[in-house]
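Student: Got a structure for you, questions after.
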Ligand code: 5GP
Ligand code: ZN
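In the numbering used here, the protein residues as written are 108 to 226.
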């Protein structure tokens, strides 16, 4: 069924607590945790607990959760004190764009100059 956990999905395993992660925020429907391979001083991933393969599929099926995901990304940025200096939100979509985990997620990146091309 749409949104159901996938047994071969790393982020579904993190949601289920089967794989550890450094969680920085959690709501009933979202989870935010530090990227295992940070590309900036702040590099947090915010994910919906439900499984959709990318942000567009999530937005199509679950617009409210998508809005919550973006709100939580902003809350992470505030917690990390990177609002004033600026931060970047990235949704890689498709292998050709560098997506490696096919469970929707937004990268929150900041804490260093973010005005060059990266990620
Ligand atoms: P993508 O390339 O799909 O947009 O982003 C996937 C991100 O997940 C990568 O930045 C990668 O470093 C991160 N990642 C991969 N495996 C793990 C893991 O086991 N734990 C955490 N916290 N992050 C992971
Ligand atoms: Zn998943």
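C-beta: ideal position from N, C-alpha, C; glycine also.
1) Is it true that the CB of residue 137 sits closer than 8 Å to the CB of residue 153?
2) Taking all protein chains shown into account, do 16 or more other C-beta atoms lie within 10 angstroms of the C-beta of residue 124, making it buried, or fewer, making it exposed?
3) Answer yes or no: do residue 208 and residue 118 have a C-beta to C-beta separation smaller than 8 Å?
4) Look up residue 127 in the DSSP assignment and say whether it is helix, strand or coil.
5) Can you tell me whether residue 169 is buried or exposed, with buried defined as 16 or more other CB within 10 angstroms of its CB?
6) How about residue 112: is its Cβ closer than 7 Å to a heavy atom in the ligand ZN?
7) Of the choices 155, 148 and 146, whose alpha-carbon is the least far from that of residue 121?
8) Classify residue 85: buried if its beta carbon has 16 or more other beta carbons within 10 angstroms, exposed otherwise.
9) Taking C-alpha atoms, which residue in 182, 183 and 157 lies nearest to residue 210?
10) Near residue 206, what residues of its chain come up, given a Cβ to Cβ distance below 8 Å and the 5 sequence neighbours on each side ignored?
11) Using DSSP's beta-bridge definition, name the partner residues of residue 154.
Tutor: Working from what's here:
1) The sequence position of residue 153 within the chain shown is 46, counting from 1. The sequence position of residue 137 within the chain shown is 30, counting from 1. Yes; because the gap between Cβ atoms is below 8 Å, this pair is in contact.
2) Taking the chain shown and counting its residues from 1, one reaches residue 124 at position 17. Looking at its Cβ environment, which holds fewer than 16 other Cβ atoms inside 10 Å, residue 124 is exposed.
3) Along the chain shown, read from residue 1 onward, the residue named residue 208 stands at position 101. Along the chain shown, read from residue 1 onward, the residue named residue 118 stands at position 11. It is a contact, given that the beta carbons lie within the stated cut-off.
4) The sequence position of residue 127 within the chain shown is 20, counting from 1. Reduced to three states, the DSSP call for residue 127 is coil.
5) One-based indexing of the chain shown puts residue 169 at position 62. With 16 or more Cβ atoms within 10 Å of its Cβ, residue 169 is classed as buried.
6) Residue 112 sits at position 5 when you count from the first residue of the chain shown. Because some heavy atom of the ligand ZN lies under 7 Å away, the Cβ of residue 112 counts as near it: yes.
7) The residue you call residue 121 lines up with position 14 of the chain shown. Looking at the Cα atoms, 155 is the closest of the given residues.
8) Because the chain in this structure spans residues 108 to 226, residue 85 falls outside the shown range and cannot be described.
9) Within the chain shown, residue 210 is the residue found at index 103, counting from 1. Nearest C-alpha to residue 210: 157.
10) Counting from one through the chain shown, the residue named residue 206 turns up at place 99. Only 161, 199 and 200 meet the Cβ criterion.
11) What you label residue 154 is simply residue 47 of the chain shown in a count that begins at 1. Looking at the DSSP assignment, residue 154 forms a beta bridge with 138.
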